[in-house]
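Residue numbers for the sequence shown follow the numbering used here, so the first one is 586 and each next one is one higher. All residues carry an ideal CB built from backbone N, CA and C; glycine is no exception. Model, not experiment: these values are computed from the prediction.
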Amino acid sequence: MFVKYLAFAGRMIGLNPVVEDGHLLPEEPCIYVLNHQSCIDVTGVGDVWPKRCSVVSKASLKFMGFLGIIMWLSKTISIDRSHHTDAISAMENAAIAAKQNKVSILIFPEGTRSDAVNLLPFKKGAFHMAIECQFPIQPIVIEPYAKFLDHKKKLFKNATYKVKVLPKIDTKGMNKSHVDQLLSETRERMVAAFEMMKDQLQT
586 MFVKYLAFAG RMIGLNPVVE DGHLLPEEPC IYVLNHQSCI DVTGVGDVWP
636 KRCSVVSKAS LKFMGFLGII MWLSKTISID RSHHTDAISA MENAAIAAKQ
686 NKVSILIFPE GTRSDAVNLL PFKKGAFHMA IECQFPIQPI VIEPYAKFLD
736 HKKKLFKNAT YKVKVLPKID TKGMNKSHVD QLLSETRERM VAAFEMMKDQ
786 LQT
C-alpha cells in the first residue's frame, strides 16, 4: 500500500507513468522483474504493484535515509551480496516464505541502477526464486528516462512515460537446470521491448 502512495507522490511532482497492456497482470503470485534506471522507478512500480508483494533489494540501501524508511515500510527483503552464502540463504528463505504465503516478489534483476541506454546483464536470483516457488516470471519494462532525466545532475522534468507489461513466462515443471534458459528468455523479451521503446522516443 505504501508503494501506491509513492506513485501518487510521483504524480504530484510531475512524473506520470502510463501502464501499457495492464490486462496482462496476473491475479496469481509471480516473480515480477523490472529494469532499473533510477529511484524514480518507484513512481512507475506503484501502478503495477500487486496486492500482496515484497521487493528484493541490496542491504546497503537500508542506510540511505528516506529510502531506508521506504524499504522498511514496504517490507523489503534485504540481500547482502558481499556475503555470497548469506545472500543465497536469504533468497532461499524468501522463496520458501513467498510460496507458503502466496506472496509475489518484485526484483530488479540487473542488481543495480543502469544509467546507460541498455539493460545490464541479469543476475540469477529472481529466476532461482521463480523455479523454487514454481511462480511465473512477470516481466515489466520501464521506458528509457533519457527524455526527462539527467542522471549526472540528478535532475528531472515533468514527464509522461510508459510502463509496459509483457506476457508472463510459466515455470511449471522447471528445475534448477532451467535457470539459465529462463533468464535468457526473460532478458531477450525485455531487451526487445526496451529497444522498441527507445526507437519510439527517437521518432
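Taking just the CA atoms, how far does residue j sit from residue i?
i, j, result
"SER623", "LYS761", "31 Å"
"VAL641", "ILE690", "7 Å"
"GLU728", "ILE598", "19 Å"
"PHE707", "THR670", "19 Å"
"GLU780", "ALA683", "32 Å"
"PRO614", "PRO752", "14 Å"
"SER674", "ALA680", "10 Å"
"HIS621", "VAL627", "10 Å"
"LEU619", "PRO611", "15 Å"
"ASN743", "VAL702", "20 Å"
"HIS711", "HIS763", "A small fix is needed here, since residue 711 is Ala in this sequence, not His. Rounded to whole angstroms, ALA711 to HIS763 spans 13 Å at the Cα level."
"ILE625", "PRO635", "19 Å"
"CYS638", "PRO694", "16 Å"
"LEU609", "ILE754", "11 Å"
"ILE692", "ILE616", "7 Å"
"ALA731", "GLY607", "23 Å"
Going by other Cβ atoms of all chains shown within 10 Å of its Cβ, with 16 needed for buried, is residue i buried or exposed?
i, result
"ARG772", "buried"
"GLN685", "exposed"
"ASN601", "exposed"
"LEU786", "exposed"
"GLY696", "buried"
"GLU717", "buried"
"VAL630", "buried"
"ALA715", "buried"
"HIS713", "buried"
"ALA777", "exposed"
"VAL633", "buried"
Below 8 Å on the Cβ atoms is my guess for residue i versus residue j; work out the distance and round it to an integer in Å.
i, j, result
"LYS749", "ILE725", "7 Å"
"LYS747", "GLU605", "6 Å"
"MET775", "LEU704", "6 Å"
"THR756", "PHE720", "7 Å"
So, does the CB of residue i fall closer than 8 Å to a CB anywhere in chain B?
i, result
"PRO752", "Judged by its chain identifiers, the structure shown contains no chain B, having just a single protein chain."
Does DSSP put residue i in a helix, in a strand, or in coil?
i, result
"GLN622", "coil"
"ILE673", "helix"
"THR745", "strand"
"LEU751", "coil"
"GLU605", "strand"
"VAL633", "coil"
"LEU600", "strand"
message: Please give the ranges of any beta strand (DSSP E) in the stretch 681–721, keeping only runs that are unbroken, at least 3 residues long and fully inside the region.
response: 689–692
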